[in-house]
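Heads up, the sequence shown is in the working numbering, so the first residue is 8 and it goes up one at a time.
Note that CB positions come from ideal geometry on N, CA and C, so glycine has one too.
Treat the numbers as computed from the prediction; the structure is a model and nothing was measured.
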Amino acid sequence: MDEKRRQLLTGISLASAGVLLNACRSASNSSGSATNEQKSEPAPGEHEPVEVTATEDLMREHGILRRALLVYQESATRLRQDPASVPPDTLEKAANLFRVFGEDYHEKKLEEVFIFPTVKKSPGAPASYVDVLLAQHARGREITDYVLSVTKGDRISAHQVDGVTKALESFVRMYEHHAAIEDTVVFPAWKTTAGEQEYSEMSEKFEDIETEIFGEDGFESALKRMEEIENSLGLTNLDMFTAPPPPK
Ligand SMILES: [Fe+2]
Ligand SMILES: [Fe+2]
């Protein structure tokens with residue numbers, strides 16, 4: 008990989024978030040015709056960004072992050088079979104997407120500022136989850152730092168495989184449950200506590216924050232980037248994940 012491009016992708020911050028999320032679009036533009044860059048209409052099969060409410064926004068962001076978890080799980084499985092079968096820069100791109108879209112935006116700008124403080128003060132069981140969820144955010148960032156550090160080289164060596172696969176799989180296990188608790192307990196509690204008017208205002212505010220950080224189509228750009236990562240690992244065919252029939 009070109010060294011400057013690697014530095015861009017690894018030396019990442021929210022300030023460069025829009026650049027990162029748009030990288031896949033720039034890459035595809037550079038290989039397409041010049042006239043494609045002029046168009047403002049969505050391409051066939053693409054959709055205009057749609058308005059979403061606050062919890063729908065948070066949950067579809069979880070959808071992007073779950074797809075990154077699938078990349079982690081598949082990478083761990085392949086690394087065990089053959090360390091050379093996982094290109095480090097693909098894993099690095101997934102970790103960078105998790106950092107920019109998941110940790111620096113979804114966690115730090117939305118959940119930790121608006122969701123958790125309100126839920127923490129609310130009566131009942133949901134408040135008891137908040138400290139654990141915060142600790143898991145912190146542990147996740149440690150693991151992302153580790154993944155970014157081990158994917159700097161041209162390959163993941165055999166002696167790194169055990170540490171990398173354990174880190175990836177423990178991260179997947181933690182974050183799957185983390186997001187499920189947020190979707191089913193924490194977000195509904197926040198919506199109830201906030202009330203109709205505040206919830207409506209927050210839905211607009213979340214869109215404003217997303218636009219401020221990523222531009223007009225932050226979710227769509229993250230989705231495209233995720234698809235590019237999946238494509239490079241051959242994970243785009245949903246049917247390959249259909250379970251085999253059970254024993255008869
Ligand atoms: Fe979270
Ligand atoms: Fe979340």
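Item: The stretch 110-129 contacting the stretch 193-200, beta-carbon criterion three pairs below 8 Å; Value: yes
Item: Any heavy atom of ligand 1 nearer than 6 Å to the CB - residues listed; Value: 114, 118, 140, 144, 185 and 189
Item: Ordered list of beta strand (DSSP E) runs contained in the stretch 136-193, each at least 3 residues; Value: none
Item: Residue 242 and residue 86 closer than 8 Å at C-beta; Value: no
Item: Enclosing alpha helix (DSSP H) for residue 226 [first to last residue]; Value: 225-239
Item: Other residues of its chain near residue 167: CB distance less than 7 Å, five sequence neighbours each side excluded; Value: 157
Item: Nearest-angstrom Cα separation, counted from residue 102 out to residue 153; Value: 10 Å
Item: Heavy atom of ligand 2 within 7 Å of residue 69 beta-carbon; Value: yes
Item: Pairwise C-alpha distance: residue 232 and residue 114; Value: 19 Å
Item: Rounded separation between residue 162 and residue 99 - CA only; Value: 11 Å
Item: Inter-residue Cα distance where the pair is residue 71 and residue 228; Value: 11 Å
Item: Under the three-state DSSP convention, the category residue 250 falls into; Value: coil
Item: Residue 222 in three-state terms, based on DSSP; Value: coil
Item: Residue 65 beta carbon near ligand 2 (any heavy atom closer than 7 Å); Value: yes
Item: Where residue 103 falls: helix, strand or coil (DSSP); Value: helix
Item: Contact check, residue 236 vs residue 104, beta carbons under 8 Å; Value: yes
Item: Nearest-angstrom Cα separation, counted from residue 216 out to residue 165; Value: 42 Å
Item: Euclidean distance between Cα positions of residue 220 and residue 141; Value: 22 Å
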